[in-house]
Amino acid sequence: MVGSNETRFPVAESILAAFRETVLHVGDVGQGHKIKLVYNSMTMGIAAVAAEVCQFAHGLNLDLVILRSLIGRGSINSGIFQAFVAFLLGEKPDVLAISIANSAKEYRVRFALSRRECSVGAGLDCCGAKIPCLSYGG
40 MVGSNETRFP VAESILAAFR ETVLHVGDVG QGHKIKLVYN SMTMGIAAVA
90 AEVCQFAHGL NLDLVILRSL IGRGSINSGI FQAFVAFLLG EKPDVLAISI
140 ANSAKEYRVR FALSRRECSV GAGLDCCGAK IPCLSYGG
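According to this note's numbering, the sequence shown is numbered sequentially starting from 40.
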């Protein structure tokens with residue numbers, strides 16, 4: 040996700056392609072950071088739902104292998120859900136090596152950007168107001 044002047048993007052693309060399989064021009068300078076925040080917000084939302092589903096299934100004493108098989112066959116399947124199940128089953132103990140501090144930083148930046156440039160979704164606004172580590176000011 041690269042924000043760049045359209046005429047200069049091909050130069051950046053040729054350099055970035057040496058490190059990344061996919062290089063996507065997303066608009067002018069600054070747009071890459073904005074779209075990354077939106078993308079990461081969606082990723083964290085999906086991760087929260089996947090964690091809740093795994094906890095719910097555990098509470099109902101359901102077999103996660105069967106649940107994974109079922110979800111893997113449908114349109115709601117996601118790599119994030121599959122990673123949660125692999126972690127919980129002990130198949131990939133380090134698959135969720137993500138920093139809580141990094142997630143909190145992402146939300147702080149998202150709050151600040153959305154306050155400045157658009158309206159905040161009610162859920163995120165509520166989270167920022169009630170969870171001290173996610174406060175708007177940082």
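All C-beta atoms in this analysis are idealised placements derived from N, C-alpha and C, irrespective of residue type, glycine included. Treat the numbers as computed from the prediction; the structure is a model and nothing was measured.
Whole angstroms are fine: how far does the CA of residue j sit from the CA of residue i?
| i | j | result |
| --- | --- | --- |
| residue 152 | residue 69 | 12 Å |
| residue 107 | residue 81 | 21 Å |
| residue 85 | residue 51 | 31 Å |
| residue 170 | residue 110 | Its pLDDT being 45, under 50, residue 170 is placed unreliably in this model, and the value from its coordinates should be taken loosely. Distance between the alpha carbons of residue 170 and residue 110: 32 Å. |
| residue 55 | residue 62 | 7 Å |
| residue 66 | residue 126 | 37 Å |
| residue 145 | residue 83 | 10 Å |
| residue 115 | residue 101 | 18 Å |
| residue 136 | residue 142 | 12 Å |
| residue 128 | residue 94 | 13 Å |
| residue 49 | residue 156 | 29 Å |
| residue 99 | residue 88 | 16 Å |
| residue 131 | residue 76 | 27 Å |
| residue 173 | residue 46 | Because the pLDDT at residue 173 is just 43, under 50, the model does not fix this residue reliably, and the value given afterwards should be weighed accordingly. Going from the Cα of residue 173 to the Cα of residue 46 covers about 38 Å. |
| residue 103 | residue 53 | 44 Å |
Counting C-beta neighbours from all protein chains within 10 Å, is the total for residue i 16 or more, i.e. buried, or is it exposed?
| i | result |
| --- | --- |
| residue 149 | buried |
| residue 43 | buried |
| residue 124 | buried |
| residue 78 | exposed |
| residue 58 | exposed |
| residue 120 | buried |
Which residues in the same chain as residue i place their Cβ atom closer than 7 Å to its Cβ, once the five residues preceding and following it in sequence are excluded?
| i | result |
| --- | --- |
| residue 90 | 123 |
| residue 105 | none |
Excluding the five sequence neighbours on either side, which residues of its own chain have a C-beta within less than 6 Å of the C-beta of residue i, listed in chain order?
| i | result |
| --- | --- |
| residue 74 | 40, 65 |
Taking the DSSP output, what are the residues bridged to residue i?
| i | result |
| --- | --- |
| residue 98 | BP columns for residue 98 are empty, so no partner. |
| residue 42 | 66 |
Could you tell me whether any non-hydrogen atom of the ligand ATP is closer than 6 Å to the CB of residue i?
| i | result |
| --- | --- |
| residue 131 | The ligand ATP is not among the ligands present in this structure, which contains no ligands whatsoever. |
Can you find the residues in the same chain that come closer than 8 Å, C-beta to C-beta, to residue i, ignoring five residues on each side of it along the sequence?
| i | result |
| --- | --- |
| residue 175 | In this predicted model, residue 175 has a pLDDT of only 39, less than 50, meaning its place in the structure is not dependable enough to derive any value. |
| residue 117 | 85, 89 |
- [ ] Could you pull out every unbroken beta strand (DSSP E) segment of at least 3 residues lying fully inside the region 52 to 87, listed in chain order?
- [x] Listed in chain order, they are 64 to 66.
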